[in-house]
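Residue numbers are given in the UniProt record's numbering: position 3 of the sequence shown equals residue 3, and the series is strictly consecutive. Yeah, the Cβ is synthetic: ideal placement off N, Cα and C, and Gly gets one too. Notes follow once the structure below has been shown.
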Amino acid sequence: MSTITFAPHVSYSRPTVRLTRRGRLVVFGFGVLLAFAMGVWFAAGSTATQDAGVEQVEIVTVAPGETLWDVASDAVANTGEGNVGDMVARIQDMNSLDSSMVMAGQKLRVPTE
């Protein structure tokens with residue numbers, strides 16, 4: 001007696017997908033839209049507050065004959081911190097002053113903390 005066995009031939013071939021030019025454009029646009037949506041979603045969780053990082057200032061009017069050093073020494077005396085040279089630099093930076101020259105009647109922002 002003879003035996004016959006049938007072994008089915010199984011082929012595991014993937015069907016190929018070909019995108020046209022329009023299809024590639026649609027897939028690219030979808031990817032950009034998805035990236036934009038994720039960026040908006042992640043950015044929605046961040047909020048700015050007024051609590052941290054805000055420097056308290058006082059507006060001071062320069063009196064006749066008063067120098068920036070005088071204004072800074074008064075600010076150091078009121079706050080009790082730092083030295084006058086550092087305060088002069090902070091006042092110059094806060095008011096965007098190019099030099100230490102100030103005019104009578106000029107209004108300056110001076111840190112109060």
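Between the CA atoms of residue j and residue i - distance to the nearest angstrom
i, j, result
"G29", "R14", "26 Å"
"L97", "G80", "24 Å"
"G39", "N78", "46 Å"
"P8", "R18", "30 Å"
"G65", "L108", "15 Å"
"V26", "T16", "19 Å"
"R24", "S99", "59 Å"
"E55", "A44", "26 Å"
"L33", "V110", "47 Å"
First through last residue of the beta strand (DSSP E) which encompasses residue i
i, result
"T112", "Note, T112: premise wrong, no beta strand (DSSP E); not H, not E."
Counterpart residues of residue i in DSSP-defined beta bridges
i, result
"E58", "V110"
Cβ-Cβ separation, residue j to residue i (assumed contact under 8 Å), whole Å
i, j, result
"G105", "T61", "6 Å"
"V84", "W69", "6 Å"
"A75", "M94", "The pair is not a contact, with the Cβ atoms about 11 Å apart (cut-off 8 Å)."
Residue span of the alpha helix (DSSP H) that contains residue i, given as start and end
i, result
"D98", "Segment: none, D98 is in no alpha helix (DSSP H) and carries neither H nor E."
"A43", "R21 to A43"
Proximity test, residue i beta-carbon vs the ligand SAM heavy atom, cut-off 7 Å
i, result
"V57", "Although the ligand SAM was asked about, the structure shown includes no ligands whatsoever."
Where residue i falls: helix, strand or coil (DSSP)
i, result
"N78", "helix"
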